[in-house]
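Remarks on the structure that follows.
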Amino acid sequence: MFGPQVPSVPASAVADDTYLLDVREDDEWQAGHAPAAHHLPMMELPGRLAEVPNDREVAVICRSGGRSAQVVAYLMRNGWDQVRNVEGGMGDWAAAGRPVVTADGQPGRVL
Numbered sequence: 001m002f003g004p005q006v007p008s009v010p011a012s013a014v015a016d017d018t019y020l021l022d023v024r025e026d027d028e029w030q031a032g033h034a035p036a037a038h039h040l041p042m043m044e045l046p047g048r049l050a051e052v053p054n055d056r057e058v059a060v061i062c063r064s065g066g067r068s069a070q071v072v073a074y075l076m077r078n079g080w081d082q083v084r085n086v087e088g089g090m091g092d093w094a095a096a097g098r099p100v101v102t103a104d105g106q107p108g109r110v111l
């Protein structure tokens, strides 16, 4: 859908030390997210670019992969080269058996 210029990674292959950037909205984040993810809603990204590291691997995730692919393309246009889209988003993350939690560490769900 976004062409070969948007690199991606399967949810099951995201390394534990990768900076996982969750670009979903607040309600989606609160329902459940990856334990080590960093929350930055997609629409806030332009004003908060400095929060995203550009010296290490960054994997961007949303609910199904569409918004995160747009964010990856945006980051690449702005100088990030170690950034990939998580294929299938949080849906595939949960389906791969990766943990989904709420802010208090309880089991979460994907909206």
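Counting in full-length UniProt numbering, the sequence shown runs from 1 upward without gaps. From the three backbone atoms N, C-alpha and C, an ideal C-beta is built for every residue, glycine too.
{"query": "So Leu20 and Arg63 are supposed to be a Cβ contact under 8 Å. How far apart are they, rounded?", "result": "About 14 Å; that fails the 8 Å criterion."}
{"query": "For Ala36, name the three-state secondary structure that DSSP assigns.", "result": "coil"}
{"query": "Using beta-carbon positions only, say whether Ser68 and Val86 come within less than 8 Å of one another.", "result": "yes"}
{"query": "Mapping DSSP to helix, strand and coil, what is Val23?", "result": "coil"}
{"query": "Going by Cα to Cα distance, which pick from Gln106, Arg24 and Ala73 is closest to Gly91?", "result": "Arg24"}
{"query": "How should Gln5 be labelled, buried or exposed, when 16 other C-beta atoms within 10 angstroms of its C-beta is the threshold for buried?", "result": "exposed"}
{"query": "Using a threshold of 8 Å, state whether the C-beta atoms of Ser37 and Asp27 are closer than that.", "result": "Sequence check: residue 37 is Ala here, not Ser. No, they are not a contact pair."}
{"query": "Determine the direct distance from the alpha carbon of Ala11 to that of Gln106, and round the result to whole angstroms.", "result": "21 Å"}
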